[in-house]
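Residues 7 to 130 (the working numbering) are what the sequence shown spells out, left to right.
In what follows, a structure is listed as structure tokens, so that the remarks can point back to it.
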Amino acid sequence: MKSNQHEQLLTELITEFETFAFTELDNETSATIQGGWNMQVFDNDDFTGLLGSFNYGGKRQLIHNDQISSIIIRSGQWRFYKDRDFKGAAYTLGSLANGQPAYYKLGPGTQYLNNQISSFQQVG
Ligand SMILES: [Ca+2]
């Protein structure tokens, strides 16, 4: 194996490890991560501080309650709620129509619930 192939393999392994390390695996409604993710949530509004990676499903009560400040959606439509158990003010975000990932910043000046999301679920 050439060294650049080693390097690529190592990078993939590290990326995979990081995804697993930060995935919230405690909730039965959250899918296990197998071969990628469809939606990720982050603590900061610049897509850093990964809080969780999800394939499908949802979480009735986030461990990282009132922390989400940015979201990347690769696939599907996801609804985010201010209160636990999918209640309260909410909005739906999805991937782009052309199939590209969508990057949503929830920071100050946006209409989204920054540092206020308590539950979410996939809706499409
Ligand atoms: Ca935050």
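No residue lacks a Cβ here, since even glycine has one placed at the ideal position from N, Cα and C.
Small disclaimer: the values here were computed from a predicted structure and weren't measured.
Spatial distance of residue i from residue j (CA atoms)
i, j, result
"W43", "G115", "28 Å"
"Q67", "Q127", "11 Å"
"Y118", "K111", "8 Å"
"G113", "A103", "23 Å"
"D52", "S125", "21 Å"
"I78", "S101", "8 Å"
"I69", "Q83", "21 Å"
"V47", "G105", "19 Å"
"N50", "S76", "6 Å"
"N120", "A108", "17 Å"
"N71", "R80", "22 Å"
"M45", "K65", "13 Å"
"I123", "L99", "13 Å"
"Y132", "I74", "Here the chain comprises residues numbered 7 to 130, so residue 132 is not present and cannot be evaluated."
"F28", "Y62", "Confidence in F28 is poor, its pLDDT being 40 and thus under 50, which makes the residue's placement too unreliable to answer from."
"R85", "Y97", "6 Å"
"G130", "D89", "20 Å"
Paired residues, beta bridge with residue i - DSSP
i, result
"Q128", "W84"
"G58", "V47"
"A108", "I79"
"D89", "K93"
Residue interval of the beta strand (DSSP E) (run including residue i)
i, result
"L99", "K93 to G100"
So does the region 48-58 actually touch the region 87-105, counting three or more Cβ pairs closer than 8 Å?
-> At 8 Å Cβ cutoff, the stretches do not touch.
Check each residue's C-beta against every heavy atom of ligand 1 and list, in chain order, those closer than 5 Å.
-> Proximity to ligand 1 was defined by a C-beta distance below 5 Å to any of its heavy atoms, and the residues meeting it, in sequence along the chain, are D49, Q73, S75 and N121.
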